[in-house]
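Have a look at the structure below, then the notes.
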Amino acid sequence: MKTKIYILIIILAFTIVILTGCSINSETSTLEDKTNAEVEYIEDKVFVVVNKYVKKEYESDNKINWKEVDTDVKRISDVLDTVILDFSEYEISNDDLTSFKNSVNNIDIMVSNQDEIGMIVECDYLYSLLPNFLDKYSNNQNKISIMRLKSLVLSCLVFAYMEDWDSAKNTINLAESKYNEMMNDTNFMKEYSNDLNKIFILLEEVKSAVQTEEIELIKNKYINFIEKV
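In terms of the numbering used here, the sequence shown opens at residue 3 and continues consecutively.
Right under this line is the structure:
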């Protein structure tokens, strides 16, 4: 009898361990899925603001409709607290989380001040943080690489707006180096085998545009790259 009870206790303990483990894995998976969705949401909204600005979709009678800009920017700031709370579950430093929060707040400030260049500078910085955060918890290195490539192209555009041509050219060269690094990654090659040539052509078009130092051409090639990669 005692033997049977002992066996039952062992089975019960083993079952509890298994169920507890499943619960933890489920929670981790759910949090990661939620955080991934939040990263994608912010990525999308950052590019909504920047791309609409670049394509002059905010303009009416050659004036920017700052209320419309503010509406789009608020879609980022409205989720700030939730996103930071979820990011804090991972190994992301308080300094990085503070930088993220400040960047979102700074976009709001730039819009309130109707500072066009300041707005896209802060959007650029905010976006640059996303792949770094994603790298803290995700094994999807291909997604991280694509985001870092996009970040460099966005930074190149911002430098072009500022007429800092040396920085714009240096940054697009970094983007080209990043692409070559991705080409040497077997996993990336497998997943993006059908898109490698397209990415290369679009990136080279941005680089050629930067060499001309013609902002309108750069804006056009930037949009092509961001919307097709």
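All residues carry an ideal CB built from backbone N, CA and C; glycine is no exception. If you're wondering where the values come from, they're calculated on a predicted model, not measured in any experiment.
**Message:** Going by DSSP, what residue range makes up the alpha helix (DSSP H) through Tyr139?
**Reply:** Counting along the chain, the alpha helix (DSSP H) containing Tyr139 begins and ends at Glu118 to Tyr139.
**Prompt:** Between the C-alpha atoms of Phe202 and Asp166, what's the straight-line distance to the nearest angstrom?
**Reply:** 24 angstroms
**Asked** How many Å lie between Ile148 and Val212 at the Cα?
**Response** Between Ile148 and Val212, the C-alpha separation is close to 20 angstroms.
**Request:** Might you give, ordered along the chain, the residues of its own chain that have their beta carbon closer than 6 angstroms to the beta carbon of Pro133, omitting 5 neighbours on each side?
**Result:** Only Ile146, Met149 and Arg150 meet the Cβ criterion.
**Request:** Tell me where the alpha helix (DSSP H) around Val75 begins and ends.
**Result:** In this chain, the alpha helix (DSSP H) harbouring Val75 covers Trp68 to Ser79.
**Message:** So, under 8 angstroms CB-CB, Tyr224 and Leu159 are touching, yes? Tell me the CB distance rounded to an integer number of Å.
**Reply:** 5 angstroms
**Prompt:** Val106 and Leu136: beta carbons closer than 7 angstroms?
**Reply:** At the C-beta level, Val106 and Leu136 stay beyond 7 angstroms of one another.
**Request:** Could you tell me whether the Cβ atoms of Asp80 and Thr37 are closer together than 7 angstroms?
**Result:** The Cβ-Cβ distance between Asp80 and Thr37 does not fall below 7 angstroms.
**Request:** Could you check how far apart the C-beta atoms of Leu131 and Ser90 are, in whole angstroms? I think they sit under 8 angstroms.
**Result:** Incorrect: roughly 14 angstroms between the Cβ atoms, too far for contact.
**Asked** Where Asn115 and Cys125 are concerned, what is the direct C-alpha to C-alpha distance, given to the nearest angstrom?
**Response** 15 angstroms
**Prompt:** Cβ of Tyr60 within 7 angstroms of Cβ of Glu70?
**Reply:** yes
**Request:** Return the bridge partner residues of Ser62 from the DSSP annotation.
**Result:** Lys65
**Request:** Give me the Cα-Cα distance between Met191 and Glu178, rounded to the nearest whole angstrom.
**Result:** 16 angstroms
**Message:** Just to confirm my understanding: we take Phe161, look at its own chain, exclude 5 residues before and 5 after, and list those with CB closer than 7 angstroms. What are they?
**Reply:** Ser169, Ala170 and Thr173
**Item:** Whole-angstrom distance between Thr214 and Glu45, CA atom to CA atom
**Value:** 29 angstroms
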